[in-house]
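Letter by letter, the sequence shown follows residues 0 to 157 in numbering that gives the first Met the number 0. Beta carbons: idealized from backbone N, C-alpha and C, even for Gly. To start, the structure itself, in C-alpha cells.
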Amino acid sequence: MTDSTGRVSQVYAPDSRWAALDDVETTEWEELGWLEVAPDHHADLLATFGSSAGSRAGDPVHLGVLAGYTLGALRNTFPLPDAPEAELPTALVHADEIVRVEGAVAIGERVALLGRLRADRARRSYRYEGWLRGTQGDPRVFASFEIRVLPLERMADQ
Numbered sequence: 000m001t002d003s004t005g006r007v008s009q010v011y012a013p014d015s016r017w018a019a020l021d022d023v024e025t026t027e028w029e030e031l032g033w034l035e036v037a038p039d040h041h042a043d044l045l046a047t048f049g050s051s052a053g054s055r056a057g058d059p060v061h062l063g064v065l066a067g068y069t070l071g072a073l074r075n076t077f078p079l080p081d082a083p084e085a086e087l088p089t090a091l092v093h094a095d096e097i098v099r100v101e102g103a104v105a106i107g108e109r110v111a112l113l114g115r116l117r118a119d120r121a122r123r124s125y126r127y128e129g130w131l132r133g134t135q136g137d138p139r140v141f142a143s144f145e146i147r148v149l150p151l152e153r154m155a156d157q
C-alpha cells in the first residue's frame, strides 16, 4: 500500500481489533506484508533529522527511518482503542525502543514484516515487536517499542 505521496509502501489496517483498551490481548506473530523505503522519501526524512547520510537506492536505510517505518506499520496493524472516557485525558507515551540489526536493509529494498503486540493490561503497557526479513527469509532487523497509556495528571508528576 502507498501513503498519500505514493512513495511509501507498507501495511495498513485502520480499525482496532479490540472494542476497549481493557480488552487488548497479546497476539501471535503474524505476516503483515512488506516495507520499502523509497530514496526520495528517505532523503526527506534525513533532512528532517539534519543528517547527511546517503539516500541512493542500495545505500543502507538510516536506523531512525527504519524504526519509524516499522513502528508505524505495527501501530497501523494493531491500533489501540481509546482509553475509557472516565480515565480521560490520557497520553500514549513511547516508553522504550530496542532495534537490533542482524543485517542491513537497503534503500529501495522490499523486506517482509512479521509482527505482534504484547499486552500488559495491569501496567497499561503495550509492546509492539517486529522482524524485518529479506526475500530469502533471512532476519535483518528486530524492533521492539513499548507504548504506555498514562493519565495526564500522572505525567505531570514525573
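What three-state label does DSSP hand residue i in the structure shown?
| i | result |
| --- | --- |
| Arg122 | coil |
| Val148 | strand |
| Ala52 | coil |
| Pro38 | helix |
| Leu113 | strand |
| Thr47 | helix |
| Ala85 | helix |
| Leu79 | coil |
| Gln9 | With a pLDDT of only 45 at Gln9, under the threshold of 50, the placement of this residue in the model should not be trusted, and no figure is reported. |
Check this for me: beta carbons of residue i and residue j, under 8 Å apart or not?
| i | j | result |
| --- | --- | --- |
| Arg147 | Val92 | yes |
| Leu87 | Val110 | no |
| Ala37 | Gly129 | no |
| Ala103 | Pro59 | yes |
| Leu31 | Thr89 | no |
Going by DSSP, name the residue or residues bridged to residue i.
| i | result |
| --- | --- |
| Ile97 | Ser143 |
| Ala90 | Leu149 |
| Leu131 | Leu112, Val140 |
In chain order, what residues of the same chain have a beta carbon less than 8 Å from the beta carbon of residue i, not counting five sequence neighbours either side?
| i | result |
| --- | --- |
| Leu45 | Ser51, Ala52, Ser54, His61, Val64 |
| Val100 | Leu62, Arg139, Val140 |
| Pro83 | Ala19, Leu20, Asp21 |
| Ala42 | Ser54 |
Could you check where the beta strand (DSSP E) with residue i kicks off and where it finishes?
| i | result |
| --- | --- |
| Leu34 | 29-35 |
Looking only at its own chain, which residues have a Cβ that is under 7 Å from the Cβ of residue i, when we skip the five neighbours before and after it?
| i | result |
| --- | --- |
| Val98 | Leu62, Ala66, Val140, Ala142 |
| Trp17 | Val23, Pro80 |
| Ser3 | With a pLDDT of 46 at Ser3, under the threshold of 50, the modelled position of this residue cannot be trusted; read the value that follows with caution. Taken in chain order, the list of residues that qualify is empty. |
| Thr204 | The structure shown does not extend to residue 204, since the chain is modelled only from 0 to 157, so the question has no answer here. |
| Asp137 | Gly102 |
Apart from the five residues on each side of it in sequence, which residues of its chain come closer than 6 Å, Cβ to Cβ, to residue i?
| i | result |
| --- | --- |
| Ser15 | Pro78, Pro80 |
| Gln9 | Residue placement at Gln9 is flagged as unreliable, the pLDDT there being 45, under the threshold of 50; a coordinate-derived value is accordingly withheld. |
| Trp28 | Leu113, Arg115 |
| Thr25 | Arg117, Ala118 |
| Glu96 | Phe144 |
| Gly57 | Ala105 |
| Leu70 | Phe144 |
Can you tell me where the alpha helix (DSSP H) with residue i in it begins and where it stops?
| i | result |
| --- | --- |
| Ala159 | The shown model of the chain, from 0 to 157, leaves out residue 159, and the question about it has no answer. |
Measuring from the CB of residue i, is there a heavy atom of the ligand FAD at a distance below 7 Å?
| i | result |
| --- | --- |
| Ser15 | As far as ligands go, the structure on display features none, and thus does not contain the ligand FAD. |
Does any residue of chain B bring its CB to less than 8 Å from the CB of residue i?
| i | result |
| --- | --- |
| Val60 | The structure shown contains no chain B; it holds only a single protein chain. |
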